[in-house]
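In the numbering used here, the protein residues as written are 9 to 402.
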Amino acid sequence: MLLHYPNKKTEKEIFDSISDVELIQINTADGPNMLIQANNLVALKQLITKYNLANRIDLIYIDPPFATNNTFTITDGRASTISNSSNGTIAYTDTLKGYEFIEFIRERLVLLKMLLSDKGSIYLHIDYKIGHYVKIVMDEIFGIENFRNDITRIKCNPKNFARKGFGNMKDMILFYSKSENLIWNEPKMPYTEDDKVKLFPKIEKNGRRYTTIPLHAPGETQNGKTSKAFKGIFPPSGRHWRSDVSVLEKWDNDGLIEWSDNGNPRKKIFLDEQEGKRMQDIWDFKDPQYPVYPTEKNRDLLDIIVRTSSDESSIVLDCFAGSGTTLKAAQKNGRQWIGIDQSNEAIKAISTKIDTIENDLFISTSDYQVLKTKKEDETQIIDEQKYNKMKSAL
Ligand SMILES: C[S@@+](CC[C@H](N)C(=O)[O-])C[C@H]1O[C@@H](n2cnc3c(N)ncnc32)[C@H](O)[C@@H]1O
């Protein structure tokens, strides 16, 4: 399935039309982490052509503007006044609409796919108004077979605004991999007290909570070790024992099998031996109440994504870095990172966030290169001109 709209470029046209603007380092750090202040399209091309990073990035998280037609500002660092008001310093504008917005995202995605390693993943954070169009574009670029999840993120408490429509408490995170062979460190969620009682309803004499599961699983094995009789019982027809009969004997001797009154054996599963429950695709990670940057995301959300979809040897990239929530999560988890943003306010917020990470035995502080494009960043200047015009028209 393809999305058709005017002025849609081919992937080659996208790549060829991006100008080659050199990045220059403006500090003396020589660590591998990079903070780049630039239009991300230009910077991503440089990462491919000059920094040989094609196929090297294991994890990309992006949280681009959502086509909201807003201008986001910061006033005297007062977090509570961060809004789309006409006061304060401009952080970023979000004025592209319709197919122009979709093509803006698509251009970046084409380059991001080139950077993604074969075991890499990309998470794109977007809202419910435009997200379904972005999904079609992502299917086109990454392949629908590599679509993993549309994660529903609960972003706030219920709202009671009067409006003909239901309250909106969620946005979406579209998750794709480059291939079947993605990095996956299974995340586990702690059981709630309610879960413990519901999922592990039985209690041993010594107080350990447990549940039981059948000893057999679907599928028959012909003459295999899992189709033999266990204590004179064969697995039901169409099923086989979960383990060799010798293992079942050992479990039984160790008291790990429970026999029902009618002689049916089941395996005991103890609560205190479980790491937690499987994470599902509805995530409750509300945005910070006092953000340091407009639309700053929840740090635990990024922590989960970084730990699940990257390893310690991985490079993590966020090319709409904002206040650096992704970069901080990467740093704290010992990953290498690259952050790109064109806004002065974002670069300031990122530096503060990264420089104030407290180092301890497990977390090291970061030494990172700061790079800029050689030319003054035109996009930011254009945005500011538009914004000033808008302000004087008010
Ligand atoms: C929604 S915010 C990201 C917030 C971030 N996830 C956080 O937790 O703080 C989007 C960011 O993308 C940046 N941005 C928008 N267009 C860009 C472009 N073409 N190149 C580089 N950065 C861009 C904006 O300056 C803004 O900081």
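We put the beta carbon where it would ideally sit given N, CA and C, even for glycine.
- Within the stretch 46-88, the complete beta strand (DSSP E) segments of 3 residues or longer fall at 65-70 and 78-82, listed in chain order.
- The set of residues with any CB-heavy atom separation to ligand 1 below 5 Å comprises, in chain order, 47, 48, 71, 100, 301, 303, 304, 305, 328, 330, 331, 333, 349, 350, 351 and 354.
- Assigned with DSSP and collapsed to three states, residue 331 falls in coil, not helix or strand.
- Non-local beta-carbon contacts of residue 253 in its own chain, meaning distances under 8 Å to residues more than five positions away in sequence, involve 233, 234, 236, 237 and 238 in chain order.
- Taking C-beta separations shorter than 6 Å and ignoring five residues to either side along the sequence, the partners of residue 334 in its chain run 69, 310 and 326, following chain order.
- Listed as beta-bridge partners of residue 179 by DSSP are 161.
- Beta-bridge partners of residue 349 (DSSP): 45.
- Unbroken beta strand (DSSP E) stretches of 3 residues or longer found wholly inside the stretch 238-274: 247-249 and 265-267, given in chain order.
- If you ignore the 5 residues before and after residue 318, its C-beta comes within less than 7 Å of the C-beta of 66, 67, 191, 324 and 343, all in its own chain and listed in chain order.
- Cβ-Cβ distances below 8 Å link residue 176 to 136 and 167 in the same chain, with the five nearest sequence neighbours on each side left out; the list follows chain order.
- Using a 10 angstroms sphere on the CB of residue 116, the tally of other CB atoms reaches 16 or more, which defines it as buried.
- Counting only residues of its own chain and dropping the five nearest sequence neighbours on each side, residue 375 has a CB closer than 8 Å to the CB of 37, 38, 39 and 41.
- Taking residue 366 as reference, the option from 359, 380, 47 and 340 with the minimal CA-CA separation is 340.
- Note that the C-beta distance between residue 147 and residue 163 is not below 8 Å.
- Judged by their CB atoms, residue 98 and residue 81 are nearer to each other than the 8 Å cut-off.
- Between residue 227 and residue 248 a beta carbon distance of about 6 Å is seen, short of the 8 Å cut, so the two are scored as contacting.
- Counting C-beta pairs closer than 8 Å gives fewer than three between the stretch 192-204 and the stretch 254-270, which falls short of the contact rule.
- Annotated three-state conformation of residue 199 is coil, per DSSP.
- Contact check for residue 328 against residue 158 fails: the beta carbons are separated by 8 Å or more.
- Between residue 123 and residue 52 the beta-carbon gap is near 7 Å, inside 8 Å, which marks them as a contact.
- Within the same chain, and ignoring the five residues on either side of residue 96 in sequence, the residues whose Cβ sits closer than 6 Å to its Cβ are 81, 82 and 83.
- At least 8 Å separates the beta-carbon of residue 275 from that of residue 290.
- In this structure, DSSP gives residue 151 a state outside helix and strand, which the three-state scheme calls coil.
- Under the three-state reduction of DSSP output, residue 379 falls in the strand class.
- Looking at the backbone, the Cα of residue 382 and that of residue 301 are separated by about 26 Å.
- A residue is called buried once 16 or more other Cβ atoms fall within 10 Å of its Cβ, and residue 303 is buried on that count.
- Within the DSSP secondary-structure output, residue 131 pairs in a beta bridge with 69 and 183.
- For residue 218, DSSP records a beta bridge to 210 and 278.
- Shortest Cα-Cα distance from residue 292 to any of 284, 307 and 299 involves 307.
- When secondary structure is reduced to three states using DSSP, residue 18 falls in the coil class, being assigned neither helix nor strand.
- Non-local C-beta neighbours of residue 284 in its own chain, meaning closer than 7 Å and more than five positions away in sequence, comprise 196, 197, 198 and 199, ordered along the chain.
- Taking 4 residues as the minimum length, the alpha helix (DSSP H) runs contained wholly in the stretch 287-331 are 307-317, in order along the chain.
- Of the residues assessed, residue 47 falls on the buried side of the cut-off, its CB having 16 or more other CB atoms within 10 angstroms.
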